[in-house]
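In our numbering, the protein residues as written are 2 to 112.
Beneath this line is the structure, given in structure tokens, with notes to follow.
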Amino acid sequence: MKFLKALVIGMGVLIIAGVIAVGYGLYRQVSGTAKTAEQPLASQPERSAVTRAPFGTQEIAIEKDERIVEISYPDGRAAVRIAASDGSERIVLFDLATGQQLGSIRFTPRL
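This is the structure in structure tokens:
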């Protein structure tokens, strides 16, 4: 019986401490004394206020045995995945603002 009484008193103390902690947190939020993050955790890429002119039509040469498998648009770029009939693949990256090819990555199967 003493154990049960001590357990109930301990739980009551924990409940009171929790209510005080929540009240203090709410007080800090309302009064504006809570620290705010200077930078967001996941920042969006900065967008320029300058309107860019369209870059026109870009011709991309692919071989006869190649085909475009996938196109994705990460972070203002276009990533074009191209597969060849021999099993190799390549990814070509383009800047969407300028149309310029940024680079290419080639994947070749091991024999």
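Yeah, the Cβ is synthetic: ideal placement off N, Cα and C, and Gly gets one too.
N-terminal and C-terminal residue of the beta strand (DSSP E) that residue i is part of
i     : result
SER32 : Careful: SER32 lies outside any beta strand (DSSP E), inside the alpha helix (DSSP H) at 3 to 32.
LEU97 : It is not in any beta strand (DSSP E) - LEU97 carries neither H nor E in the DSSP assignment.
ARG68 : 67 to 73
Exposed unless 16 or more other CB atoms sit within 10 angstroms - verdict on residue i
i      : result
PHE158 : Absent from the model: residue 158. The displayed extent of the chain is 2 to 112, so no value can be given.
VAL93  : buried
ILE21  : exposed
ILE83  : buried
Three-state secondary structure (DSSP) of residue i
i      : result
GLY104 : strand
ALA79  : strand
GLU60  : coil
ARG111 : coil
Whole-number beta carbon distance between residue j and residue i, since they are thought to touch under 8 Å
i      : j     : result
ARG91  : ILE72 : The pair is not a contact, with the Cβ atoms about 13 Å apart (cut-off 8 Å).
THR109 : SER89 : 5 Å
ALA85  : GLU64 : 7 Å
Contact test: residue i Cβ vs the ligand ZN heavy atom, cutoff 8 Å
i     : result
ILE17 : Among the components modelled here there is no ligand, and therefore nothing to report on the ligand ZN.
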